[in-house]
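Note sheet for the following structure.
Numbering (the numbering used here), first residue to last: 1208 to 1614.
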């Protein structure tokens, strides 16, 4: 009731003839007044900032264990689907969905991925440790299927290419679109491919058992087996060199994104909102103590500057101002993550898909080598075809990697 006369005065100031700007200005003033005096009490800034921290840790993969756990649980879900009878119409090994994959996957299967992820993260804590942000994240974050719009409505509403930035990454985690924001889908897709390649890279030091020839084996057979091993090593060097380049590129990209882009933008947001980061509580306390000691000799002008900063911070704590700052924060993230570059995002999607296909070739190559070492010789025609496909996959990955670096 106290604010009502103030708001009415904004409306009463509108006189005919009206320009387009005057009503917009009046509405903006009323909205800002409600935000500062009413919404700020109903929804305190401290609660909003807590949610921003949670989104930073989980939504933007600030917690590495969360990214690793959800990728592992999603991969396990894919493997379980493939073990079922008649699952040939489901998801490809590389993570690319088929036309029928969305029909196979159920809502409960998708939500169970996140449920198991929370269980893994909880098991990493001590019995006496309480993670309040993890508990809050359980209530805020969810996984769910997204029903595609009818074909007729899609055809009637042409979409600008830039409106789809990041949308194509939403099918790489479990093979169907998810309701996650484009930024999360983008980041988790890169992390998923990186984790898979890193796992294969760590297991690359497979050593075949030494070849022991019986007296009955002639020299021609022994020579042929040595040629097989020699040819295998030549192929493996090219494959592992390509996989190593992919791992190095993705590790560098993820490190830059998390450290420079996401971390830097988040620090700037917290500074604007007047919040100290929790990563350095001792330094923050020391700075506050120095400020208190400095009050004894601080000049009047400097003291006024501090008061001005504090007043400005208080003005920025209402929900309306926080919303504007958060929108700017998300815009900076999209630019820094190259998500706003349609050409880069498109190349990256192709690179991730090709790297997943290369990982599948590497897994098959390992199984084939073990069969050969056990003297179980696979079909020669199939073996040669797989080698050709694997080398073609290597060339494609290197080509896309070069275009990404150039971009």
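Ideal Cβ positions, reconstructed from N, Cα and C, are used throughout, including at glycine.
Quick one, are the C-beta atoms of residue i and residue j less than 9 Å apart?
i: residue 1348; j: residue 1318; result: no
i: residue 1316; j: residue 1288; result: yes
i: residue 1572; j: residue 1601; result: no
i: residue 1394; j: residue 1562; result: no
i: residue 1446; j: residue 1256; result: no
i: residue 1323; j: residue 1280; result: yes
i: residue 1469; j: residue 1540; result: yes
i: residue 1532; j: residue 1452; result: no
i: residue 1266; j: residue 1388; result: yes
i: residue 1558; j: residue 1480; result: no
i: residue 1390; j: residue 1250; result: no
i: residue 1175; j: residue 1282; result: As shown, the chain starts at 1208 and ends at 1614. That puts residue 1175 outside it, with no answer to give.
i: residue 1401; j: residue 1454; result: yes
Does DSSP classify residue i as helix, strand or coil?
i: residue 1208; result: coil
i: residue 1381; result: coil
i: residue 1342; result: helix
i: residue 1686; result: Given a span of 1208 to 1614 for the chain in the structure shown, any question on residue 1686 remains unanswerable.
i: residue 1349; result: coil
i: residue 1335; result: coil
i: residue 1270; result: coil
i: residue 1251; result: coil
i: residue 1437; result: helix
i: residue 1547; result: coil
i: residue 1313; result: coil
i: residue 1481; result: coil
i: residue 1410; result: coil
i: residue 1220; result: coil
i: residue 1388; result: coil
i: residue 1571; result: helix
i: residue 1581; result: coil
i: residue 1525; result: coil
i: residue 1403; result: helix
i: residue 1614; result: coil
Rounded C-beta distance between residue i and residue j? I'm assuming under 8 Å.
i: residue 1460; j: residue 1397; result: 7 Å
i: residue 1406; j: residue 1565; result: Incorrect: roughly 13 Å between the Cβ atoms, too far for contact.
i: residue 1526; j: residue 1262; result: About 16 Å; that fails the 8 Å criterion.
i: residue 1611; j: residue 1555; result: 6 Å
i: residue 1606; j: residue 1439; result: Between residue 1439 and residue 1606 the Cβ distance is about 25 Å, and since that is not below 8 Å, they are no contact.
i: residue 1214; j: residue 1240; result: 7 Å
i: residue 1594; j: residue 1442; result: 6 Å
i: residue 1382; j: residue 1285; result: 7 Å
i: residue 1244; j: residue 1210; result: 6 Å
What does a CB cutoff of less than 7 Å around residue i pick up in its chain, not counting 5 residues either side in sequence?
i: residue 1328; result: 1272, 1273, 1276, 1341
So, for residue i: in the same chain, excluding its five sequence neighbours on each side, which residues have a beta-carbon less than 8 Å away from its beta-carbon?
i: residue 1233; result: 1217, 1218, 1220, 1221
i: residue 1171; result: For the chain, the structure presents residues 1208 to 1614; residue 1171 sits outside this window and is missing.
i: residue 1335; result: none
i: residue 1495; result: Its pLDDT being 46, under 50, residue 1495 is placed unreliably in this model, and the value from its coordinates should be taken loosely. No residues qualify anywhere along the chain.
What residues in its chain sit with their C-beta under 6 Å from that of residue i, if we drop five residues either side in the sequence?
i: residue 1498; result: With a pLDDT of 47 at residue 1498, under the threshold of 50, the modelled position of this residue cannot be trusted; read the value that follows with caution. So the list is empty, once near-sequence residues are dropped.
i: residue 1473; result: 1263
i: residue 1403; result: 1566
i: residue 1579; result: none
i: residue 1270; result: 1264
i: residue 1331; result: none
Exercise for review: Specify whether the region 1274-1286 and the region 1546-1558 touch according to this definition: at least 3 beta carbon pairs, one from each stretch, less than 8 Å apart.
Suggested key: no
Exercise for review: Count the CB pairs spanning the region 1459-1479 and the region 1539-1548 that are closer than 8 Å, and state whether there are at least three.
Suggested key: yes
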